[in-house]
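Reviewing the structure listed below.
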């Protein structure tokens with residue numbers, strides 16, 4: 442979709458809320474070094490989650506753009522033309538890196 446929606450915004454809001462709660466808990470007085478290390482780990486994990494969400498959403502957008510391109514390509518084919526699609530990394534590349542079978 443073209444405009445931001447509440448579902449898209451909510452997914453990032455959950456991550457922001459988690460980060461805020463973790464920061465508030467970390468600001469407590471008297472936390473031990475072990476607890477401090479855990480907060481650092483939690484902070485890193487929350488950042489990873491945010492990055493993963495951004496990458497996932499970028500992937501979805503890329504797939505939609507590619508799908509539109511492929512539709513247009515297929516519609517523009519002449520009757521005697523075809524399109525061959527192959528996953529290079531999974532199908533072609535492994536051919537050159539296989540172990541010899543004995």
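In the numbering used here, the protein residues as written are 442 to 543. Even glycine gets a Cβ: it sits at the ideal position worked out from N, Cα and C. For clarity, every value in this text was computed on a predicted model and none was experimentally measured.
Q | alpha helix (DSSP H) runs wholly inside the stretch 471–520, at least 4 long, in chain order | A | Fully enclosed alpha helix (DSSP H) runs of no fewer than 4 residues occupy 474–516 of the stretch 471–520, in order along the chain.
Q. Residue range of the alpha helix (DSSP H) that residue 463 falls in?
A. Residues 447–467.
Q: Would you mind giving the Cβ-Cβ distance between residue 467 and residue 480, rounded to the nearest angstrom? I have them listed as a contact below 8 Å.
A: Indeed they touch by this definition, with Cβ atoms about 4 Å apart.
Q | Within 7 Å, strictly: CB atoms of residue 463 and residue 483 | A | Yes. Within cutoff.
**Q.** Distance CB(residue 487)-CB(residue 459) smaller than 7 Å
**A.** Contact flag set, yes.
Q) How long is the line joining the alpha carbons of residue 508 and residue 444, rounded to whole angstroms? A) Cα-Cα distance, rounded: 20 Å.
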